[in-house]
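As structure tokens, the structure follows; a few thoughts come after it.
2 protein chains.
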Amino acid sequence: MTSIADLYPTGTVTLREVGLRDGLQLVKRFPSTGAKTAWLMQEHAAGVRHFEVGSFLPASRMPQFADVRELIEETSRLGAFSSALALNERGAKDACDTRVDEIINVISATEEHSQANMRRSRAEAVELVRRSKALSQGAAHKPLVNAGIAMAFGCSIAGEVAPDEVLRLAEACLEAGADAIGVADTVGFAGPRQVAAVTEALVKLCGEVPVLVHLHDTRGMSIVNAAAAIDAGARALDGSLGGLGGCPFAPGATGNAVFEDLVFLCETMGIRTGIDLTALIEVRDILAREMPEEELHGALARSGPPPHVKWAA
Amino acid sequence: MTSIADLYPTGTVTLREVGLRDGLQLVKRFPSTGAKTAWLMQEHAAGVRHFEVGSFLPASRMPQFADVRELIEETSRLGAFSSALALNERGAKDACDTRVDEIINVISATEEHSQANMRRSRAEAVELVRRSKALSQGAAHKPLVNAGIAMAFGCSIAGEVAPDEVLRLAEACLEAGADAIGVADTVGFAGPRQVAAVTEALVKLCGEVPVLVHLHDTRGMSIVNAAAAIDAGARALDGSLGGLGGCPFAPGATGNAVFEDLVFLCETMGIRTGIDLTALIEVRDILAREMPEEELHGALARSGPPPHVKWAA
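Quick note, the sequences are listed as chains W and U, same order. Sequence positions in the first sequence follow this note's numbering and run 45 to 357. Sequence positions in the second sequence follow this note's numbering and run 45 to 357.
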């Protein structure tokens, strides 16, 4: 049984590798379970401790996540933390039968996106949080429940999203028992002022409950938005190695915040990540080999860390 | 005769296109004067008002800047502002015979880099600022003198650079008559905390004299560093279309801050740039045609602005 203090320690910023889930959402070719395991193990050896490893969906719909249970086991064996998506009650039930540390439920910030993308209302999505929490309490490993609000900074369908709407949904998720609240700039609309304002208000609302910020680099703002989120009190940030993961609403656009660039940002801000950047960058070879069609992004992989900086090792 | 209030108005952030100078420093093929003029004119039509157009060096050494005088004339004809580098007294004299609005002198932050790169001491570089100012006062068009401190956030030779050293040099440049002070992250070592601290201290030291920040994206931090500089009171930021311009000390690395991404950042921060982002992005076609070997960077060119944002035009 994992506690919030284990998963998201206070006084630092946890960086979560989401490449194995969000990164694989749109790729043309799926890495083998062996390659995913090597990716996990090598990143773990480089110092990464928190992985989003897949989604509990029928393998017929999302074959790239058919091995989610094996990856949860592997993460657990390493002594690292795993999160996995559960988008319906069946998924939450299945997740509760594993040793996953965290179930992620997704709530759209707008009713339009919720209906179009998930064919359910936002209220129903909040009810899944409540149900996931109840299932978790009856489970052996008692995974934490993370409520992630998608399109929290702007919606591909509805356009602008009022911060008050995000806060209202977050409050409903807290009331339903969420252990952590996430906000996602799913389509890369946000700038640093908006991220700061929403994160600050959420941190105030959530009190002891950690706030996680999930950023995409669609418009090149993921790093500046990450800094704004950190300054506003976010406890965790998501990223993927090489920025793997596109955007279904902006074809050809860049994907998740680049994990290795987030590490560098944190280190320049005085946050010790414990991650060996050189070793981390080497893991990109696995992605390049397994998914040669995918463009990998990121500046650190091209430049390396500044030579005069004494790096974690 | 151009005033500081024209060139760097208070209450906003001026974005300067440096692609025609810094961007062309390392390229394998040089655009024709006609192509450069088209680049200038199209960016001007998109709303860009300030261009660094070249360097006053013997054309035998830097053939890509042989047409600097024509570009200064062209910029002036458009009613826009031009800056040009002058790295020695001969260059400053030549600049004073033109209608250039601003002469840029460069001072290395470290003695090691000054000697290795320019074969002169930092004190001699400061003296060139004094000499440039005297020459300007005797010239018809009286260009402003900008003292740009290179390697201000870390040096490719000496490693870490103490902020006090940068402040001491800035003070010497002010005493020598500089009308504006620039600081450059020449090799992309900086993070937002350092940029904020140095910029804030400089703005305090410089009083009415504008502080300019020149950022490279070598390690992916140019946008977050730009936001930090803006928040700390910088009056101007440099960037180049498509991030054109590499780094002589980090082969293969990305170059200048991407101009179009800086525009988007500013707009998200409530700074009205007056630049039509869609029209700006179209100018990249000229660069791609004239310099097919050069990789163009930037997220906005891939994604476009968010569809729901009402854009300047």
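The beta carbon of each residue, even a glycine, is placed where N, CA and C say it ideally should be.
- Residue pairing from DSSP leaves W:Val307 without any beta-bridge partner.
- The bridge partners DSSP lists for U:Thr58 are U:Ala280.
- For W:Gly277, same chain residues with a beta-carbon under 6 Å away, outside a window of 5 residues either side, are Val247 in chain order.
- With three or more CB-CB distances shorter than 8 Å, the segment 232-250 of chain U counts as touching the segment 262-275 of chain U.
- In the DSSP secondary-structure assignment, U:Ile325 is not bridged to any residue.
- Taking a contact as a CB-CB distance under 8 Å, the pair U:Ala90 and U:Ala323 counts as one, their CB atoms being some 4 Å apart.
- With fewer than 16 other CB atoms across the displayed protein chains lying within 10 angstroms of its CB, W:Thr54 is exposed.
- The beta carbon of U:Ala103 sits closer than 6 Å to those of Ala110, all from its chain and outside the five residues before and after it, given in chain order.
- Residues of the segment 267-278 of chain U whose Cβ lies closer than 7 Å to any Cβ of chain W, in chain order: Ile267, Val268, Ala271.
- Scanning its chain for C-beta atoms nearer than 8 Å, with the 5 sequence neighbours on each side dropped, one finds around W:Glu215 the residues Leu249, in chain order.
- Residue contact with chain U for W:His352: present (Cβ-Cβ distance below 8 Å to some residue of chain U).
- What W:Arg316 touches in chain U, judged by beta-carbon distance under 7 Å, is nothing: the nearest beta carbon there is about 14 Å away.
- Closer than 8 Å to the CB of U:Pro236 there is at least one CB belonging to chain W.
- One finds nothing in chain U with a Cβ atom closer than 7 Å to the Cβ of W:Phe303; even the nearest lies about 12 Å away.
- Chain-ordered, the chain U residues with CB closer than 9 Å to the CB of W:Phe308 read Gly235, Arg263, Gly264, Met265.
- DSSP, reduced to helix, strand and coil, places U:Ile147 within a strand of the structure shown.
- Per the coordinates, the alpha-carbon of W:Arg316 lies some 20 Å from the alpha-carbon of W:His258.
- Within the segment 148-218 of chain U, the runs of alpha helix (DSSP H) that reach at least 4 residues and sit entirely inside it are, in chain order, 155-162, 166-181.
- At a Cβ-Cβ threshold of 8 Å, W:Leu306 and W:Leu340 do not count as neighbours.
- Collapsing the DSSP output to three states places U:Ile319 in coil.
- In the displayed model, W:Asn132 falls within coil according to three-state DSSP, outside both helix and strand.
- Fewer than three pairs of CB atoms, one per stretch, sit closer than 8 Å, so the segment 150-157 of chain W makes no contact with the segment 107-122 of chain W.
- W:Arg121 counts as exposed, since fewer than 16 other C-beta atoms from the protein chains shown sit within 10 angstroms of its C-beta.
- Below the 7 Å Cβ cutoff, chain U contributes Asp261, Thr262, Arg263, Gly264, Thr298 as neighbours of W:Ala343, in chain order.
- Looking only at W:Asn190, W:Met313, W:Ala228, the smallest Cα-Cα distance to W:Val170 is reached by W:Asn190.
- Among the residues of chain W, those whose CB is under 8 Å from the CB of U:Glu204 are His352, following chain order.
- Contact between the segment 153-165 of chain W and the segment 200-213 of chain W is present: three or more C-beta pairs spanning the two stretches fall below 8 Å.
- Using beta-carbon distances, U:Met106 does not count as an interface residue toward chain W, since no partner is under 8 Å.
- In the structure shown, the three-state DSSP call for U:Asp229 is strand.
- The beta carbon of W:Thr243 sits closer than 8 Å to the beta carbons of Val227, Val255, Val257, Ala272, Ala273, Ala276, Gly277, Ala278 from its chain, once the five residues preceding and following it are set aside; these are given in chain order.
- Of the residues assessed, W:Gln181 falls on the exposed side of the cut-off, its CB having fewer than 16 other CB atoms within 10 angstroms.
- Nearest CB-CB separation between W:Ser347 and chain U: below the 8 Å threshold.
- Listed along chain W is no residue with a C-beta nearer than 9 Å to that of U:Met195; the closest approach is about 12 Å.
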